[in-house]
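A.B. asks:
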Amino acid sequence: MRSISFNQIQSKNPLTNMYLGSFLLAISIFDVLIYAFFNTNILSFLPSKLSTFLPLVLGFIGLGIIRMEYSGIAILDKLNKNINTNNFNALLTLLIIFAFIKATPPSLSWMIFDANISGDTKEACTGTGACWTYIKVWFKRFMYGMYPNDLHWRINSAFILVIALGFVGYFFKENMKKYLALYYVIIYPIIAFLIIYYLISGGSFGLVWVETGAWGGLSLTFIVSFFCLIFCFPLGMILALGRRSNLPAVRYISVGYIEFWRGVPLITVLFMSSVMFPMFLPEDFFMDKLVRVIIAITLFEAAYCAEVIRGGLQALPRGQYDAAKSLGMGYWKMHIFVILPQALKLVIPGIANTFLALVKDTPLIFVVGLAEIAGMLALAKTNPKWLGFAMEGYIFAAIIFWIICYAMSKYSYNLENKYKTER
Amino acid sequence: MNNKTKRIIPQLLTILFVVFVFGFFTFNAQVNMDNRGIDFGFGFLKQEASFDMQFTLLDYDGQDSYLWAYVVALLNTLLVSFLGIIFCTILGVIIGVARLSSNYLIRNSAAWYVEFFRNIPLLLQIFFWYYAALRALPLPEGAEPWFGVTYMTIKGYYIPAMIWQNLNIFMYCLIAAVVSIVFIRTYAKKLQEKEGKQLPLLYISLAILIILPGLSFLVGGVTLDFEIPVLKQLATTSYIYEGGVRLPPELIALVLALSLYTSTFVAECVRAGIQGISKGQKEAAASVGLTPNQILKLIIMPQALRIIIPPTTNQYLNLTKNSSLAAAIAYPDLVLVFAGTALMQTGKAIEIVGITMLTYLSISLAIAALMNWYNKKIEIKEK
Chain A
36 MRSISFNQIQ SKNPLTNMYL GSFLLAISIF DVLIYAFFNT NILSFLPSKL
86 STFLPLVLGF IGLGIIRMEY SGIAILDKLN KNINTNNFNA LLTLLIIFAF
136 IKATPPSLSW MIFDANISGD TKEACTGTGA CWTYIKVWFK RFMYGMYPND
186 LHWRINSAFI LVIALGFVGY FFKENMKKYL ALYYVIIYPI IAFLIIYYLI
236 SGGSFGLVWV ETGAWGGLSL TFIVSFFCLI FCFPLGMILA LGRRSNLPAV
286 RYISVGYIEF WRGVPLITVL FMSSVMFPMF LPEDFFMDKL VRVIIAITLF
336 EAAYCAEVIR GGLQALPRGQ YDAAKSLGMG YWKMHIFVIL PQALKLVIPG
386 IANTFLALVK DTPLIFVVGL AEIAGMLALA KTNPKWLGFA MEGYIFAAII
436 FWIICYAMSK YSYNLENKYK TER
Chain B
60 MNNKTKRIIP QLLTILFVVF VFGFFTFNAQ VNMDNRGIDF GFGFLKQEAS
110 FDMQFTLLDY DGQDSYLWAY VVALLNTLLV SFLGIIFCTI LGVIIGVARL
160 SSNYLIRNSA AWYVEFFRNI PLLLQIFFWY YAALRALPLP EGAEPWFGVT
210 YMTIKGYYIP AMIWQNLNIF MYCLIAAVVS IVFIRTYAKK LQEKEGKQLP
260 LLYISLAILI ILPGLSFLVG GVTLDFEIPV LKQLATTSYI YEGGVRLPPE
310 LIALVLALSL YTSTFVAECV RAGIQGISKG QKEAAASVGL TPNQILKLII
360 MPQALRIIIP PTTNQYLNLT KNSSLAAAIA YPDLVLVFAG TALMQTGKAI
410 EIVGITMLTY LSISLAIAAL MNWYNKKIEI KEK
């Protein structure tokens with residue numbers, strides 16, 4: 036309640052206070068701005084310690100003076116209500132504003148004004164800022180890995196086809212709707228696999244064979260996370276049903292499976308796929324490293340998927356089960372026609388979150404030697420012609436991932452809200 | 060087909076399937092190992108490890124056994140997790156509370172912090188700190204001291220080492236202090252229930268905590284010296300700091316990235332917990348005449364913690380599992396030392412990966428069991 040007593044002393048002449056307070060605040064912000072952008076200190080005639088803290092003190096006093104319960108000026112009232120409720124808040128407000136102003140010029144000049152993007156060699160980077168030339172030259176490698184340059188259209192067209200097929204469900208006619216789940220759970224994964232296999236891998240239809248070792252970059256991230264998602268979903272569904280089954284053997288095996296995979300870190304699972312898996316396969320049965328990694332991540336992610344789906348199954352009211360049983364439906368009939376369609380709709384946001392986690396986990400395959408984007412960065416960083424640009428590379432990758440993950444998290448948040456209101 | 064067979068057949072089929080898969084894998088593993096001349100067994104744990112580790116908490120050199128290397132590496136993993144948990148809790152609580160601030164700027168800065176660090180893969184964050192940010196630090200000879208005695212350099216963070224004498228006496232005193240505080244607390248609770256008297260518990264506890272270990276310095280012969288790192292020239296251009304403790308850049312990068320990343324999730328848990336308490340609780344407490352401090356301590360915190368702690372523990376568990384990313388920047392943790400170096404040297408893929416997975420699994424299950432016990436304890440008892 037300190038703010039009120041503070042105002043009562045000052046409120047004899049509110050207009051003067053307002054002018055004085057705004058003036059002090061303006062001076063303090065102006066000083067910091069000038070110092071940050073033009074490196075001239077207008078308060079330099081004061082002792083150094085005083086001139087450092089003076090803007091803060093001035094701004095603090097200014098905010099203290101203009102703080103009042105009602106002024107009649109819309110902007111001022113908004114200011115007081117949102118960032119200037121008490122002394123502590125005023126101080127934090129000033130600190131945040133000053134930090135923001137101070138951080139702007141160096142980051143702007145590093146990223147834009149002193150940066151270089153022209154040229155094709157390291158020598159083109161003469162500025163003190165970032166060297167975006169490095170990103171420009173390596174861009175194709177970061178996106179497509181070691182995939183031959185003139186064959187990139189194959190990756191692009193495969194992705195476009197797979198995405199287009201993903202939207203086919205929207206155009207299903209009313210009488211086809213019952214096959215929607217069948218399409219997404221079984222037919223779509225198979226078609227997508229065939230497309231990726233024949234287009235990206237090649238080897239038939241007159242396409243040149245490109246071995247998986249050459250795949251890489253961001254496209255590999257997408258391939259791995261996409262396949263893991265579409266394969267882990269059916270497996271997760273079976274495990275979720277198993278965990279809720281009333282048959283003890285089925286239930287314990289499902290629980291054991293889920294708890295095992297949820298208890299180990301992904302990196303050990305990847306190690307397992309690269310060194311332990313080959314031991315478990317029959318002799319002279321060769322399995323590609325990428326395939327092994329996808330299988331391992333699928334097994335791992337299925338456990339998380341199962342928990343999400345179980346949440347959806349548990350959220351359904353008991354009456355749904357009872358009603359289905361009273362119609363004489365058996366276990367499978369009840370689940371396929373009554374329970375799962377409702378439960379799966381409930382878990383769509385949860386699945387989106389799982390997919391988000393999956394995309395964020397995928398760079399880990401770098402550890403077993405698959406060159407997705409983190410791997411390509413490590414490769415580019417140690418290239419003798421391009422030493423010393425680790426910062427640019429990681430910032431570039433971080434921006435890409437941030438955009439993808441942020442968009443996905445917002446999308447899943449919207450889905451969550453959408454389905455919340457529908458029930 | 061009666062009901063009983065209907066129940067038995069699917070179970071039998073499932074068990075058969077599992078047995079078949081395991082049998083198939085075991086058979087193949089047997090054949091493969093016979094062909095390559097590898098035998099199964101854990102005897103290698105006693106052999107000499109003959110590799111070195113960059114950073115250890117306990118004494119270790121190449122002549123020690125693989126078993127000892129495992130223990131030392133496990134301790135390194137636990138160290139990273141421990142530091143990460145402490146920092147992510149501090150950061151997470153601050154950010155979580157800031158997200159509910161009435162101040163527009165603070166609220167939004169906190170929200171952007173969460174959105175920013177949550178949406179970048181952890182591995183990239185670790186790489187960024189290790190390869191980009193920490194590489195920009197000065198060389199040892201050019202480093203400015205932080206707080207006067209610590210040096211942040213490209214080769215790591217040098218801090219003063221503590222040299223104790225009679226450390227065990229100090230520890231006994233500390234334990235005695237904690238035990239006596241627990242006793243006093245239970246006594247105070249009884250006193251309050253019986254007679255309604257309240258003891259100034261906080262001051263009493265603080266006094267005991269300061270006086271007892273302090274006494275050990277005066278009477279028990281305990282001494283504490285600091286060994287401050289000093290710059291030393293090795294060759295014309297090569298300098299290091301001698302004395303003190305060096306925290307390697309791998310450790311710093313890992314702890315930084317893990318705590319920044321996990322703190323965003325902890326912040327969300329804290330926010331959900333505080334938001335989960337209805338305003339009526341606070342108002343009811345105030346109307347009974349509790350002071351703001353008492354409201355926070357007796358009404359808000361116990362209820363908020365009930366919501367906050369279970370998901371937060373889950374995040375701690377995730378942090379512990381994510382600490383295995385250490386292998387990507389060569390910090391000698393369990394995965395790098397055991398599933399990396401030891402596996403390369405011995406070739407015992409199944410045993411070593413199995414041990415590593417089981418270790419993490421038992422950590423997870425132990426924490427999960429602890430969590431279930433805690434949940435049972437704090438759950439609202441309904442009559």
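The listed protein sequences derive, respectively, from chains A and B.
For the first sequence, the working numbering gives the first residue as 36, with consecutive numbering after it.
For the second sequence, the working numbering gives the first residue as 60, with consecutive numbering after it.
Think of the CB as a built atom: it goes at the ideal place given N, C-alpha and C, for glycine as much as any other residue.
Predicted model, so just to flag it, every value in this text is computed and none were measured.
Are any of the Cβ atoms in chain B nearer than 8 Å to that of Met181 (chain A)?
C.D. replies: Residue 181 (chain A) sits at position 146 when you count from the first residue of the first sequence. No, because no Cβ of chain B sits closer than 8 Å to the Cβ of Met181 (chain A).
A.B. asks: Counting only runs that start and end within the segment 179 to 233 of chain B, where is the beta strand (DSSP E) found for 3 or more residues in a row?
C.D. replies: Fully enclosed beta strand (DSSP E) runs of 3 or longer: 209 to 212, 215 to 218, 220 to 224.
A.B. asks: Between Ser423 (chain B) and chain A, is there a C-beta pair that is closer than 8 Å?
C.D. replies: Taking the first residue of the second sequence as 1, we reach residue 423 (chain B) at position 364. Output row for Ser423 (chain B): interface = yes.
A.B. asks: Would Leu142 (chain B) pass as a contact of Ser124 (chain B) if the rule is Cβ separation under 8 Å?
C.D. replies: Reading the second sequence from its first residue, position 83 is the one you call residue 142 (chain B). Reading the second sequence from its first residue, position 65 is the one you call residue 124 (chain B). No, they are not a contact pair.
A.B. asks: Who are the neighbours of Gly107 (chain A) on chain D, taking C-beta pairs under 7 Å?
C.D. replies: Given the protein chain composition of this structure (A and B), no chain D is represented.
A.B. asks: Are there 16 or more other CB atoms within 10 angstroms of the CB of Met403 (chain B), so buried, or fewer, so exposed?
C.D. replies: Residue 403 (chain B) sits at position 344 when you count from the first residue of the second sequence. The residue is exposed, with fewer than 16 neighbouring Cβ atoms inside 10 Å.
A.B. asks: Checking contacts by CB at 8 Å: is Asn449 (chain A) closer than that to chain B?
C.D. replies: Along the first sequence, one-based indexing puts residue 449 (chain A) at 414. No, its Cβ sits nowhere closer than 8 Å to a Cβ of chain B.
A.B. asks: Closer than 8 Å, CB to CB, is Asn184 (chain A) near chain B or not?
C.D. replies: Here residue 184 (chain A) is taken as the residue at index 149 of the first sequence, counted from 1. No, because no Cβ of chain B sits closer than 8 Å to the Cβ of Asn184 (chain A).
A.B. asks: Quick one: list the residues of chain A neighbouring Glu174 (chain B), beta-carbon separation under 7 Å, in chain order.
C.D. replies: Taking the first residue of the second sequence as position 1, residue 174 (chain B) is located at position 115. Correct list: Tyr441.
A.B. asks: Please name the residue in A:Tyr292, A:Gly291, A:Glu294, A:Lys324 whose C-alpha comes closest to that of Met307 (chain A).
C.D. replies: Counting from one through the first sequence, the residue named residue 307 (chain A) turns up at place 272. When only C-alpha atoms are compared, the closest one is A:Lys324.
A.B. asks: Less than 8 Å between CB atoms is the rule here; does Val394 (chain B) satisfy it with respect to chain A?
C.D. replies: Sequence index remark: in the second sequence, residue 394 (chain B) carries index 335 (1-based). Taking Cβ atoms only, chain A reaches closer than 8 Å to Val394 (chain B), which makes this a yes.
A.B. asks: Let me confirm a value: Val314 (chain B) is counted as buried when at least 16 other C-beta atoms fall within 10 Å, else exposed. Which label applies?
C.D. replies: Within the second sequence, residue 314 (chain B) is the residue found at index 255, counting from 1. Buried: at least 16 other Cβ atoms inside 10 Å.
A.B. asks: Is it the case that the Cβ atoms of Ala408 (chain B) and Val310 (chain A) are separated by a distance below 8 Å?
C.D. replies: For the purposes of this step, residue 408 (chain B) is identified with residue 349 of the second sequence, where counting begins at 1. For the purposes of this step, residue 310 (chain A) is identified with residue 275 of the first sequence, where counting begins at 1. Yes, they are a contact pair.
A.B. asks: Within 8 Å of any Cβ in chain B, is that where the Cβ of Phe206 (chain A) sits?
C.D. replies: As a first step, residue 206 (chain A) is located in the first sequence; it is residue number 171 there, counting from the start. Chain B, which has no Cβ nearer than 8 Å to the Cβ of Phe206 (chain A), makes this no.
A.B. asks: Do Gly271 (chain A) and Ala337 (chain A) have their CB atoms nearer than 8 Å?
C.D. replies: Counting from 1 along the first sequence, the entry for residue 271 (chain A) is found at position 236. Counting from 1 along the first sequence, the entry for residue 337 (chain A) is found at position 302. In contact: Gly271 (chain A) and Ala337 (chain A) (Cβ atoms closer than 8 Å).
A.B. asks: Got a sec: which bits of the segment 61 to 73 of chain B sit with their beta carbon under 7 Å from any beta carbon on chain A, in order along the chain?
C.D. replies: Within the segment 61 to 73 of chain B, the qualifying residues are Arg66, Pro69, Gln70, Thr73.
A.B. asks: Within 10 Å of its beta-carbon, does Gln334 (chain B) have 16 or more other beta-carbons around it, so buried, or fewer, so exposed?
C.D. replies: For the purposes of this step, residue 334 (chain B) is taken as the residue at position 275 of the second sequence. Flag for Gln334 (chain B) reads exposed.
A.B. asks: By the three-class DSSP mapping on this structure, what secondary structure does Asp284 (chain B) have?
C.D. replies: For the purposes of this step, residue 284 (chain B) is taken as residue 225 along the second sequence, with counting starting at 1. Residue state, collapsed to three classes: strand.
A.B. asks: For a contact defined as C-beta to C-beta under 8 Å, what are the partners of Pro308 (chain B) on chain A?
C.D. replies: Along the second sequence, read from residue 1 onward, the residue named residue 308 (chain B) stands at position 249. Here the premise fails: no neighbours, minimum Cβ distance about 13 Å.
A.B. asks: Could you tell me the distance, in whole angstroms, from the CA atom of Leu137 (chain B) to the CA atom of Thr379 (chain B)?
C.D. replies: Here residue 137 (chain B) refers to the residue found at position 78 of the second sequence. Here residue 379 (chain B) refers to the residue found at position 320 of the second sequence. For Leu137 (chain B) and Thr379 (chain B), the distance between alpha carbons rounds to 8 Å.
A.B. asks: Is the Cβ of Met178 (chain A) closer than 8 Å to any Cβ of chain B?
C.D. replies: Locating residue 178 (chain A) in the first sequence gives position 143, where the first residue counts as 1. Not one chain B Cβ lies under 8 Å of Met178 (chain A).
A.B. asks: List the residues that DSSP assigns as beta-bridge partners of Ser254 (chain A).
C.D. replies: Translated into positions along the first sequence, residue 254 (chain A) becomes position 219. Bridge partners of Ser254 (chain A): none, in fact.
A.B. asks: Return the chain-ordered list of same chain residues with a C-beta closer than 6 Å to the C-beta of Glu342 (chain A), the five sequence neighbours on each side being excluded.
C.D. replies: Along the first sequence, one-based indexing puts residue 342 (chain A) at 307. Nothing listed; no residue qualifies.
A.B. asks: Going by DSSP, what residues sit across from Val304 (chain B) in a beta bridge?
C.D. replies: In the second sequence, residue 304 (chain B) corresponds to position 245, counting from 1. Val304 (chain B) is bridged to B:Ile218.
A.B. asks: Return the residue from the list A:Phe123, A:Ala134, A:Pro317, A:Ala138 that minimises the CA-CA distance to Ser161 (chain B).
C.D. replies: To locate residue 161 (chain B), count along the second sequence from 1; it is residue 102. The candidate whose alpha carbon is nearest that of Ser161 (chain B) is A:Phe123.
A.B. asks: Could you tell me which residues DSSP pairs with Glu107 (chain B) in its beta bridges?
C.D. replies: To locate residue 107 (chain B), count along the second sequence from 1; it is residue 48. Partner(s): B:Ser124.
A.B. asks: Please compile the residues from chain B whose C-beta is within a distance smaller than 8 Å of the C-beta of Tyr429 (chain A).
C.D. replies: Locating residue 429 (chain A) in the first sequence gives position 394, counting from the first residue. Simply Leu183, Phe186, Phe187, Tyr190, Ala191.
A.B. asks: Closest Cβ-Cβ distance between Val168 (chain B) and chain A: below 8 Å?
C.D. replies: Here residue 168 (chain B) refers to the residue found at position 109 of the second sequence. In the sequence under discussion, the amino acid at residue 168 (chain B) is Ser, which differs from the Val named in the question. Taking Cβ atoms only, chain A reaches closer than 8 Å to Ser168 (chain B), which makes this a yes.
A.B. asks: Answer yes or no: do Ile240 (chain B) and Ser264 (chain B) have a C-beta to C-beta separation smaller than 8 Å?
C.D. replies: As a working mapping, residue 240 (chain B) is identified with position 181 in the second sequence. As a working mapping, residue 264 (chain B) is identified with position 205 in the second sequence. Cβ atoms of Ile240 (chain B) and Ser264 (chain B): closer than 8 Å.
A.B. asks: Within the 8 Å Cβ cut-off, does Asn117 (chain A) reach chain B?
C.D. replies: Within the first sequence, numbered from 1, the residue matching residue 117 (chain A) stands at position 82. Answer yes: the Cβ-Cβ gap between Asn117 (chain A) and chain B drops below 8 Å somewhere.
A.B. asks: Does any C-beta atom of chain B lie closer than 8 Å to the C-beta of Glu318 (chain A)?
C.D. replies: Indexing the first sequence from 1 puts residue 318 (chain A) at position 283. For Glu318 (chain A), the answer is yes, since a Cβ of chain B falls inside 8 Å of its Cβ.
A.B. asks: Please give the ranges of any alpha helix (DSSP H) in the segment 44 to 128 of chain A, keeping only runs that are unbroken, at least 4 residues long and fully inside the region.
C.D. replies: Entirely contained in the segment 44 to 128 of chain A, the alpha helix (DSSP H) runs reaching 4 residues are, in chain order, 49 to 73, 83 to 101, 109 to 117.
A.B. asks: What are the start and end residues of the beta strand (DSSP E) that includes Gln292 (chain B)?
C.D. replies: If you number the second sequence from 1, residue 292 (chain B) lands on position 233. Looking at the DSSP string, the run of the beta strand (DSSP E) that includes Gln292 (chain B) is 289 to 292.
A.B. asks: Can you confirm whether the segment 90 to 102 of chain A touches the segment 56 to 73 of chain A when touching is taken to mean that 3 or more C-beta pairs between the two stretches lie within less than 8 Å?
C.D. replies: Segments in contact, yes.
A.B. asks: Ser289 (chain A): which of B:Ile74, B:Met92, B:Gly280, B:Asn62 sits nearest, CA to CA?
C.D. replies: Taking the first residue of the first sequence as 1, we reach residue 289 (chain A) at position 254. For the residues B:Ile74, B:Met92, B:Gly280, B:Asn62, the minimum Cα distance to Ser289 (chain A) belongs to B:Ile74.
A.B. asks: Could you pull out every residue in the same chain whose Cβ sits closer than 8 Å to the Cβ of Arg166 (chain B), ignoring the five residues on either side in sequence?
C.D. replies: Taking the second sequence and counting its residues from 1, the one referred to as residue 166 (chain B) is at position 107. Only Ala157, Arg158, Leu159, Ser160 meet the Cβ criterion.
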